[in-house]
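Enquirer: First, the structure itself, so that you have it in front of you.
Number of protein chains: 2
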Amino acid sequence: MPDTAPDRVTAAVMIIGDEILSGRTQDTNLRDIARYLAVHGVDLAEARTVPDVHEEIVAALNALRARYDYVITTGGIGPTHDDITADAVAAAFGVELYENEEIIALLKARSGLELNAARRRMARVPEGGELVRNPVSGPPGFMIGNVFVLAGVPSIMRGMLEDVGHRLKGGAVTVSRTVRVEGSGEGVIAAPLEAVAKAHRDMSLGSYPFFGDAGYGSNLVLRGRDPVELAAVVDELIAALKGAGIESVTEIETA
Amino acid sequence: MPDTAPDRVTAAVMIIGDEILSGRTQDTNLRDIARYLAVHGVDLAEARTVPDVHEEIVAALNALRARYDYVITTGGIGPTHDDITADAVAAAFGVELYENEEIIALLKARSGLELNAARRRMARVPEGGELVRNPVSGPPGFMIGNVFVLAGVPSIMRGMLEDVGHRLKGGAVTVSRTVRVEGSGEGVIAAPLEAVAKAHRDMSLGSYPFFGDAGYGSNLVLRGRDPVELAAVVDELIAALKGAGIESVTEIETA
Chain C
-17 MPDTAPDRVT AAVMIIGDEI LSGRTQDTNL RDIARYLAVH GVDLAEARTV
33 PDVHEEIVAA LNALRARYDY VITTGGIGPT HDDITADAVA AAFGVELYEN
83 EEIIALLKAR SGLELNAARR RMARVPEGGE LVRNPVSGPP GFMIGNVFVL
133 AGVPSIMRGM LEDVGHRLKG GAVTVSRTVR VEGSGEGVIA APLEAVAKAH
183 RDMSLGSYPF FGDAGYGSNL VLRGRDPVEL AAVVDELIAA LKGAGIESVT
233 EIETA
Chain G
-17 MPDTAPDRVT AAVMIIGDEI LSGRTQDTNL RDIARYLAVH GVDLAEARTV
33 PDVHEEIVAA LNALRARYDY VITTGGIGPT HDDITADAVA AAFGVELYEN
83 EEIIALLKAR SGLELNAARR RMARVPEGGE LVRNPVSGPP GFMIGNVFVL
133 AGVPSIMRGM LEDVGHRLKG GAVTVSRTVR VEGSGEGVIA APLEAVAKAH
183 RDMSLGSYPF FGDAGYGSNL VLRGRDPVEL AAVVDELIAA LKGAGIESVT
233 EIETA
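Which chain is which? The protein sequence lines are C and G, in order. Residue numbering for the first sequence follows the numbering used here, beginning at -17 and increasing consecutively. Residue numbering for the second sequence follows the numbering used here, beginning at -17 and increasing consecutively.
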């Protein structure tokens, strides 16, 4: 990972929710956000999962927003008592929450529902925040400073992401290519892979082994900023693997 | 979450790997570890995902192992150059790595493979470490201090976990029960749920909404240490929900 690249733009994800830490819910938001950020040239540099505890959210958010260009949080913005993300984000920034008229109007228009205290909670936004549109259902998220506060429900989170990208100053977009080795394990692959990695430190080369009924091997993923350089390194890697006596080496389409 | 419970035993998970942060791989280890720990009476209190960068792993591990009773790491213990977990764990503890004879013997016995430099990497264990058995394939993990270092491949990780539980001093085991509300949203559920939660602060009450073709509603999950108290709170919650005019309220089997 090119930590020292001058144009590197970084982000952290903060997943808020006891349901993830209890193992009740399988998080998928991290992967979706990571892929979305990559397309926008932003490197996801760290992720944290924290419980529904005010002090924990405040501390983690302040640590992450100081360190990375952006922080994206998921979860804890519904109407129930355990939805404390807005309160914690406001506390982290040292500002108050206010009731946003636009959200109130949205909630009223949606279904003519009576706006009880619980629903009104969802209209609270920190002073200085901007709304993040929710094209799926329910109230919007918000951004404040370099922090985007999104829903935890995956379909809603993905919808909100569409209103995030145009606000990111993207770094150079990372391109990736994948070389697939079949019938050879990492023990054989390691030496040629490492030689190529050491010769190209501005690239990221990772080895992701697979095995199962269909056989075994490893997918070697190369990432870089420069597609021309990347293509040359792919050729170099394939030659190095074949030079080490590995026969089944093919480039495959990257997902 | 009963942070102040005197018998609370805590753990953190540290997921190591660029493949998670790039969005290439969907992590499932966090959920599996969380469920495993819960059965052993240990609360998963935080999780971090860090890149394959030495300094990042060292810093995160030292922060987590100082704060929680246990840390479980996944990933980065294979033979390739990007597998740097053992080096980073040794650095965090300020000890050296040594080549473990038991692992060397295991690797030799496994398949009569030549032990090249890459495979020998997997036999390196920090001074003072103990092995964590790997019943699936390949070399074992290890523990040092309060840190368990496991593989990243989910099937291998789960196998290694079986050699972790008997080394944990478990807290009281948490029991959970689930009340399912159908046809009412969180906006209606919030007030009675919060009232019950406030009356029982030693319990964890979470609301996990669902919606789809089959309808909508929310699963309310109650967790506590005392099954008798928990049963009473389930009854109280059901009564409170029905008292708020919510009709479809049933207890369901917890997964």
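Heads up, the beta-carbon is just placed ideally off N, CA and C, and yes, glycines get one too.
Using the beta-carbon of each residue, which ones in chain G are nearer than 9 Å to asparagine 98 (chain C)?
Expert: To locate residue 98 (chain C), count along the first sequence from 1; it is residue 116. Going along chain G in sequence order, the residues near asparagine 98 (chain C) (Cβ under 9 Å) are Gly169, Val170, Ala172 and Ala173.
Enquirer: State the start and end residues of the unbroken alpha helix (DSSP H) segment that holds serine 186 (chain C).
Expert: Locating residue 186 (chain C) in the first sequence gives position 204, counting from the first residue. It is not in any alpha helix (DSSP H) - serine 186 (chain C) instead sits in the beta strand (DSSP E) that spans 186 to 194.
Enquirer: Would you call aspartate 195 (chain G) buried or exposed, if buried means 16 or more other Cβ atoms sit within 10 Å of its Cβ?
Expert: For the purposes of this step, residue 195 (chain G) is taken as residue 213 along the second sequence, with counting starting at 1. When all chains shown are included, aspartate 195 (chain G) counts as exposed.
Enquirer: Helix, strand or coil: how does DSSP classify glycine 123 (chain G) here?
Expert: Translated into positions along the second sequence, residue 123 (chain G) becomes position 141. Glycine 123 (chain G) falls in the strand class under three-state DSSP.
Enquirer: Within 8 Å of any Cβ in chain C, is that where the Cβ of tyrosine 80 (chain G) sits?
Expert: If you number the second sequence from 1, residue 80 (chain G) lands on position 98. By this cut-off, tyrosine 80 (chain G) is not an interface position.
Enquirer: So is isoleucine 234 (chain G) buried or exposed if we call it buried at 16+ other beta carbons inside 10 Å?
Expert: Translated into positions along the second sequence, residue 234 (chain G) becomes position 252. It counts as exposed.
Enquirer: Taking the beta strand (DSSP E) that glycine 199 (chain C) falls in, what are its first and last residues?
Expert: By 1-based counting over the first sequence, the position of residue 199 (chain C) is 217. Where glycine 199 (chain C) is concerned, the enclosing beta strand (DSSP E) stretches over 197 to 206.
Enquirer: Which residues in chain C have a C-beta closer than 8 Å to the C-beta of tyrosine 52 (chain G)? List them in chain order.
Expert: Against the second sequence, residue 52 (chain G) aligns to sequence position 70. Within chain C, no residue comes near tyrosine 52 (chain G); the closest Cβ sits about 14 Å away, beyond 8 Å.
Enquirer: Helix, strand or coil for proline -16 (chain C)? Go by DSSP, reduced to three states.
Expert: The count along the first sequence starts at 1 and reaches residue -16 (chain C) at position 2. Residue placement at proline -16 (chain C) is poorly supported in this model, since its pLDDT is 39, which falls under 50; the coordinates still yield a value, given next. If DSSP states are grouped into helix, strand and coil, proline -16 (chain C) belongs with coil.
Enquirer: Would you mind giving the Cβ-Cβ distance between valine 53 (chain G) and aspartate 25 (chain G), rounded to the nearest angstrom? I have them listed as a contact below 8 Å.
Expert: Here residue 53 (chain G) is taken as the residue at index 71 of the second sequence, counted from 1. Here residue 25 (chain G) is taken as the residue at index 43 of the second sequence, counted from 1. That pair is no contact at about 13 Å.
Enquirer: Determine the contact status of alanine 29 (chain C) and isoleucine 2 (chain C), defining contact as a CB-CB distance below 8 Å.
Expert: Position 47 of the first sequence, counted from the start, is the residue given in the question as residue 29 (chain C). Position 20 of the first sequence, counted from the start, is the residue given in the question as residue 2 (chain C). No. Outside cutoff.
Enquirer: Measure from the alpha carbon of glutamate 164 (chain G) to the alpha carbon of each residue in G:Gly141, G:Val129 and G:Tyr190, then state which is nearest.
Expert: The sequence position of residue 164 (chain G) within the second sequence is 182, counting from 1. Closest by alpha carbon: G:Tyr190.
Enquirer: Return helix, strand or coil for arginine 162 (chain G), following the three-state DSSP convention.
Expert: Looking up residue 162 (chain G) in the second sequence gives position 180. Arginine 162 (chain G): strand per DSSP, three-state reduction.
Enquirer: Bridge partners of arginine 106 (chain C), per DSSP?
Expert: Mapped onto the first sequence, residue 106 (chain C) falls at position 124. Looking at the DSSP assignment, arginine 106 (chain C) forms a beta bridge with C:Glu81.
Enquirer: Hey, would you say alanine 100 (chain C) sits closer than 8 Å to threonine 62 (chain C), going by beta carbons?
Expert: As a first step, residue 100 (chain C) is located in the first sequence; it is residue number 118 there, counting from the start. As a first step, residue 62 (chain C) is located in the first sequence; it is residue number 80 there, counting from the start. The answer is yes: Cβ separation under 8 Å.
Enquirer: Hey, would you say the C-beta of arginine 30 (chain C) is under 7 Å away from at least one heavy atom of the ligand GDP?
Expert: The ligand GDP is absent from the structure shown, which contains no ligands of any kind.
Enquirer: Mind listing the chain C neighbours of alanine 279 (chain G)? Cutoff is C-beta to C-beta under 8 Å, in chain order.
Expert: Residue 279 (chain G) falls outside the range modelled here, since chain G spans only -17 to 237, and no answer is possible.
Enquirer: Where does threonine 67 (chain C) sit, in a helix, a strand or coil, going by DSSP?
Expert: One-based indexing of the first sequence puts residue 67 (chain C) at position 85. Note: threonine 67 (chain C) maps to helix in three-state DSSP.
Enquirer: Determine the direct distance from the alpha carbon of glutamate 81 (chain C) to that of arginine 106 (chain C), and round the result to whole angstroms.
Expert: Counting from 1 along the first sequence, the entry for residue 106 (chain C) is found at position 124. Counting from 1 along the first sequence, the entry for residue 81 (chain C) is found at position 99. Answer to the nearest angstrom: the Cα atoms are 5 Å apart.
Enquirer: So the alpha helix (DSSP H) isoleucine 2 (chain C) belongs to, where does it begin and stop?
Expert: Against the first sequence, residue 2 (chain C) aligns to sequence position 20. From DSSP, the alpha helix (DSSP H) with isoleucine 2 (chain C) extends over 0 to 3.
Enquirer: Report the residues of the segment 56 to 85 of chain G with a CB closer than 8 Å to any CB of chain C, ordered along the chain.
Expert: Answer set for the segment 56 to 85 of chain G: Gly60, Pro61, Thr62, His63 and Asp64.
Enquirer: Alpha carbons only, please: which of C:Glu176, C:Ala16, C:Ser137 and C:Thr7 is nearest the one belonging to alanine -6 (chain C)?
Expert: As a working note, residue -6 (chain C) is residue 12 in the first sequence. Checked all of C:Glu176, C:Ala16, C:Ser137 and C:Thr7; the closest Cα to alanine -6 (chain C) is C:Ala16.
Enquirer: So, for aspartate 14 (chain G): in the same chain, excluding its five sequence neighbours on each side, which residues have a beta-carbon less than 8 Å away from its beta-carbon?
Expert: One-based indexing of the second sequence puts residue 14 (chain G) at position 32. Within the same chain, aspartate 14 (chain G) has close Cβ partners Pro136, Met139, Arg140 and Leu143.
Enquirer: Is the Cβ of aspartate -15 (chain C) closer than 8 Å to any Cβ of chain G?
Expert: Taking the first residue of the first sequence as 1, we reach residue -15 (chain C) at position 3. With a pLDDT of only 45 at aspartate -15 (chain C), under 50, the local geometry of the prediction cannot be trusted, and the value read off the model is given with reservation. Output row for aspartate -15 (chain C): interface = yes.
Enquirer: According to DSSP, is valine 135 (chain C) helix, strand or coil?
Expert: Your numbering for residue 135 (chain C) matches position 153 in the first sequence. The answer is coil: DSSP assigns valine 135 (chain C) none of H, G, I, E or B.
Enquirer: Drop a sphere of 10 angstroms on the beta-carbon of glutamate 176 (chain G), count the other beta-carbons inside from all chains shown, and report buried for 16 or more, exposed for fewer.
Expert: By 1-based counting over the second sequence, the position of residue 176 (chain G) is 194. Buried, since its Cβ has 16 or more Cβ neighbours within 10 Å.
Enquirer: Grab the span of the alpha helix (DSSP H) containing tyrosine 18 (chain G) for me, first residue to last.
Expert: The residue given as residue 18 (chain G) occupies position 36 in the second sequence. Unbroken alpha helix (DSSP H) run through tyrosine 18 (chain G): 11 to 21.
Enquirer: Does the beta-carbon of proline 117 (chain G) have 16 or more other beta-carbons within 10 angstroms, so that it is buried, or is it exposed?
Expert: Within the second sequence, the letter at position 135 stands for residue 117 (chain G). Result: exposed.
Enquirer: Any beta carbon of chain C sitting closer than 8 Å to that of threonine 7 (chain G)?
Expert: One-based indexing of the second sequence puts residue 7 (chain G) at position 25. Yes - at least one Cβ of chain C is within 8 Å of the one on threonine 7 (chain G).
Enquirer: Give the interface partners of glycine 188 (chain C) over in chain G, defined as CB-CB distance under 7 Å, in chain order.
Expert: Mapped onto the first sequence, residue 188 (chain C) falls at position 206. Chain G residues near glycine 188 (chain C): Asp0, Glu1 and Asp64.
Enquirer: Just checking, does the segment 110 to 126 of chain G make contact with the segment 69 to 85 of chain G on the three C-beta pairs under 8 Å criterion?
Expert: The segment 110 to 126 of chain G is in contact with the segment 69 to 85 of chain G.
Enquirer: Of the choices C:Ile59, C:Gly(-1) and C:Ala41, whose alpha-carbon is the least far from that of aspartate 34 (chain C)?
Expert: Numbered from its first residue, the first sequence carries residue 34 (chain C) at position 52. When only C-alpha atoms are compared, the closest one is C:Gly(-1).
Enquirer: What are the residues of the segment 13 to 32 of chain G that lie near chain C, defined by any Cβ-Cβ distance shorter than 9 Å?
Expert: Correct list: Arg13, Asp14, Ile15, Ala16, Arg17, Tyr18, Leu19, Ala20, Asp25, Leu26, Ala27, Glu28, Ala29, Arg30, Thr31 and Val32.
Enquirer: Would you say alanine 226 (chain G) lies against chain C (beta-carbon separation less than 8 Å)?
Expert: Within the second sequence, numbered from 1, the residue matching residue 226 (chain G) stands at position 244. False, the Cβ-Cβ gap to chain C never drops below 8 Å.
Enquirer: Span of the alpha helix (DSSP H) holding leucine 223 (chain G)?
Expert: Translated into positions along the second sequence, residue 223 (chain G) becomes position 241. Taken as a continuous stretch (DSSP letters only), the alpha helix (DSSP H) holding leucine 223 (chain G) covers 209 to 225.
Enquirer: If you count every other CB in all the chains shown that lies within 10 Å of the CB of phenylalanine 193 (chain G), and 16 or more means buried, which is it?
Expert: The sequence position of residue 193 (chain G) within the second sequence is 211, counting from 1. With fewer than 16 other Cβ atoms within 10 Å, it is exposed.
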